Amino acid sequence: MMGRDTLRKWVNRWMLALTFASALIAMVPLFLIFFHILSHGIGAINLDFFTEMPKPVGETGGGFANAIAGSLVLLALACSVGLPIGIFGGIYLAEYGGRKTGEVVRFFSDLLNGTPSIVVGMFCYAILVKPMKHFSAAAGGAALGIIMIPTVLSTTETMLKMVPRSLREGALALGLPYWKTMSSIVLKSARAGILTGVLLAIARVAGETAPLLFTALGNQFWSLSLKEPIAALPLQIFTFAISPYEDWHNQAWAGATVLILMVLCLNVVSRFFMKNKLARGRS
Amino acid sequence: MKIQIEKLNAWYGDHKVVSHIDLQVSEKSVTAIIGPSGCGKSTLVRCLNRMHEITPKAHVDGKILLDGQDIFKEDPVRLRRRVGMIFQKPNPFPTMSIADNVTAGLRLNGTRDRGRLEEVAMESLKRAALWDEVKEHLHESGLSLSGGQQQRLCIARALAVNPEVLLMDEPCSALDPISTARVEELIHELKNKYTIVIVTHNMQQAARVSDYTAFLYMGELVEWGKTGDLFTNPKEKRTEDYITGRFG
């Protein structure tokens with residue numbers, strides 16, 4: 000009996016060490032990437048990087064102003080496509096999701112979530128870029144918006160389902176119409192959670208490159224037009240990083256640093272909202 | 000008679016929970032509905048403001064007359080402004096302040112006049128015997144109050160839309176004895192102006208607060224009458240067994 004107990008304790012210790020080590024290793028790549036990019040990029044970040052346009056080859060200096068503005072335009076477009084569909088769809092799933100149509104919608108949303116983003120880019124190329132005969136910011140925004148939908152949809156659904164039934168009943172019992180109950184009571188109570196999902200979705204598409212290759216294309220000039228090709232941070236990083244010029248490489252690193260910090264900020268902010276929500280839920 | 004219930008049946012899916020009930024509720028009185036857990040008493044009151052129907056797969060048949068009018072022919076949203084409800088667990092709206100909670104029904108139905116809203120908030124809180132405790136913090140979250148205060152806040156919220164009937168579904172089951180006593184006192188005062196139907200699993204409470212008591216068992220109405228008569232001189236064996244604690 001004694002031998003068995005000792006063996007069990009040893010196995011226990013080993014498994015504990017193994018799981019702990021795995022958990023640790025899971026974090027290592029993130030830290031490596033983060034510090035690597037930061038160490039290369041931080042030196043190249045200066046005010047010019049945010050305010051100047053890229054300089055032609057041979058001239059030093061210049062910045063990513065067009066790419067930063069372009070990314071903001073693309074994200075705004077993506078939100079205008081992804082948020083209404085995601086949020087309204089999520090409301091439908093939370094309210095009527097038990098029915099057959101709900102199951103179907105959920106299934107396809109999961110499929111869309113697993114669809115490689117380059118495929119979404121090709122799709123937008125086929126239905127938007129081809130007919131318009133033009134790469135455009137609009138097509139890029141649409142592609143990013145489509146990628147956002149499943150995340151927004153499922154967080155909206157989950158957060159709405161977390162709102163206690165009793166609140167809904169309390170509102171209905173006051174003689175409030177159903178739509179008022181939804182918009183003023185239920186959605187408002189789930190607001191922080193939904194916002195978290197939205198921020199995470201934005202953070203995810205902010206770094207997407209592949210779908211933009213077929214749609215927004217990139218632009219080395221200043222453009223905010225929806226009908227013209229538009230620059231974007233990930234695209235410009237890509238172009239600069241594969242170029243043969245040392246100076247451009249440094250700018251690509253700086254771009255990567257800005258992008259990763261942006262995504263990090265979005266994640267931290269969304270954490271903050273979530274924490275507030277949980278804290279309030281507990282009281 | 001304020002409310003007349005005739006041949007009421009209610010189901011959840013195939014499961015019949017309220018069976019063939021005839022009951023009358025007189026105006027400006029308190030009617031208690033008692034019975035063991037699962038006897039259908041909550042479902043019965045939830046039929047009175049048509050909240051039963053919002054549960055998926057739930058349905059009803061039979062008749063409920065409010066002032067002689069069939070409530071199933073009325074718009075449920077309008078009906079619920081006449082028939083308010085207090086739930087088992089206090090459910091103040093977490094995103095709103097105390098004052099906003101009270102006026103939620105009016106505001107969200109389009110009343111904008113600030114002066115009128117403030118007036119209604121004060122009046123309703125006074126009527127719910129909560130004013131003195133909260134008048135200094137009307138703009139704090141409703142969740143900052145204790146459980147008993149929250150329940151009185153919910154009562155104030157229901158009163159603010161000026162209903163005729165108040166349904167209370169075990170309003171004290173989540174409260175401590177002192178808060179319970181306060182709510183019971185309040186019920187006493189409210190019956191001067193409102194018709195009250197209260198569900199309770201606590202027989203002492205029914206005896207304390209009600210004028211009429213109905214005893215439900217397994218979805219059927221076993222007996223109902225004046226509270227004094229029902230408790231001292233029950234006609235049915237099952238009622239007697241229940242109130243003497245032999246089952247339930």
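Taken in order, these protein sequences are the chains called V and F.
Numbering that gives the first Met the number 0 applies: residue 0 is where the first sequence begins, and numbers increase by one.
Numbering that gives the first Met the number 0 applies: residue 0 is where the second sequence begins, and numbers increase by one.
Quick reminder that beta carbons are idealized off the backbone N, C-alpha and C, glycines included.
All values derive from a computational prediction rather than experimental measurement.
Using a Cβ distance threshold of 8 Å, S209 (chain F) and T226 (chain F) count as a contacting pair. Taking a C-beta cut-off of 7 Å against chain F, the contacting residues of the segment 152–175 of chain V are S165, L166, E168, G169, L171, A172, L173, G174 and L175, listed in chain order.
Between V119 (chain V) and P210 (chain V), the C-beta spacing is below 8 Å. Of the candidates V:D4, V:I117, V:A202 and V:R164, the residue whose Cα lies closest to the Cα of A189 (chain V) is V:R164. For the segment 90–101 of chain V, the set of residues with a beta-carbon nearer than 8 Å to any beta-carbon of chain F comprises G97, in chain order. A straight-line Cα-Cα distance of about 22 Å links I90 (chain V) and N90 (chain F).
If you check each beta-carbon in the segment 206–223 of chain F against every beta-carbon of chain V, none falls closer than 8 Å. DSSP, read as helix, strand or coil, puts P53 (chain V) in strand.
DSSP lists F:Y216 as the bridge partner or partners of E219 (chain F). The beta carbon of I184 (chain V) falls within 8 Å of a beta carbon belonging to chain F, placing the residue at that interface.
Within the segment 122–145 of chain V, not one residue has a Cβ closer than 9 Å to any Cβ of chain F. Within the segment 141–164 of chain F, the residues whose Cβ lies closer than 9 Å to some Cβ of chain V are L142, S143, C153, R156, A157, A159, V160 and P162, listed in chain order.
For L37 (chain V), the closest C-alpha among the options V:Q250, V:V268 and V:V267 is that of V:Q250. Under the 8 Å Cβ criterion, the segment 168–179 of chain F does not count as touching the segment 112–130 of chain F, having fewer than three qualifying pairs. Within the same chain, and ignoring the five residues on either side of K88 (chain F) in sequence, the residues whose Cβ sits closer than 7 Å to its Cβ are A173. Annotation: K274 (chain V) has no Cβ neighbours in chain F at a cutoff of 8 Å; minimum Cβ distance is about 16 Å. Assignment of beta-bridge partners to H58 (chain F) by DSSP yields F:W10. Beta-bridge analysis with DSSP links K192 (chain F) to no other residue. About 6 Å separates the beta carbon of M202 (chain F) from that of I242 (chain F), a gap short enough to meet the 8 Å contact definition. Between W130 (chain F) and the set F:I154, F:L105 and F:L166, the nearest pair of CA atoms involves F:I154. Interface flag for S188 (chain V) against chain F is set, since a Cβ pair is found closer than 8 Å. The alpha helix (DSSP H) runs of length 4 or more contained entirely in the segment 121–166 of chain V are, from start to end of the chain, 136–161.
Under the criterion of beta carbons closer than 8 Å, G144 (chain V) and L76 (chain V) qualify as touching, at roughly 7 Å. Between the segment 97–112 of chain V and the segment 188–202 of chain V there are fewer than three inter-stretch CB-CB distances shorter than 8 Å, so the stretches are not counted as touching.
The CB of K54 (chain V) never comes closer than 7 Å to any CB in chain F; the least such distance is about 51 Å.
Of all C-beta pairs linking the segment 159–173 of chain V to the segment 223–237 of chain V, fewer than three are shorter than 8 Å, placing the two stretches out of contact. E245 (chain V) and F48 (chain V) have their alpha carbons spaced roughly 16 Å apart. Per DSSP, the beta-bridge partners of Q3 (chain F) are F:Q23 and F:L64.
P55 (chain F) reaches chain V at G97, counting residues in chain order whose Cβ is nearer than 8 Å. When secondary structure is reduced to three states using DSSP, V118 (chain V) falls in the helix class. Contact between the segment 250–266 of chain V and the segment 63–77 of chain V is established, with three or more Cβ pairs separated by less than 8 Å. Straight through space, the alpha carbons of M95 (chain F) and E132 (chain F) are spaced by roughly 18 Å. Considered as a whole, the segment 125–195 of chain F harbours 164–168 as its complete beta strand (DSSP E) runs of no fewer than 3 residues, in chain order.
Judged by DSSP in its simplified three-state form, Y244 (chain V) adopts coil rather than helix or strand.
Excluding five sequence positions before and after T208 (chain V), the CB atoms of its chain that fall closer than 7 Å to its own CB belong to P233, L234 and F237, given in chain order. Judged by beta-carbon spacing, H136 (chain F) lies within the 8 Å limit of I97 (chain F), meaning their Cβ atoms are closer than that value.
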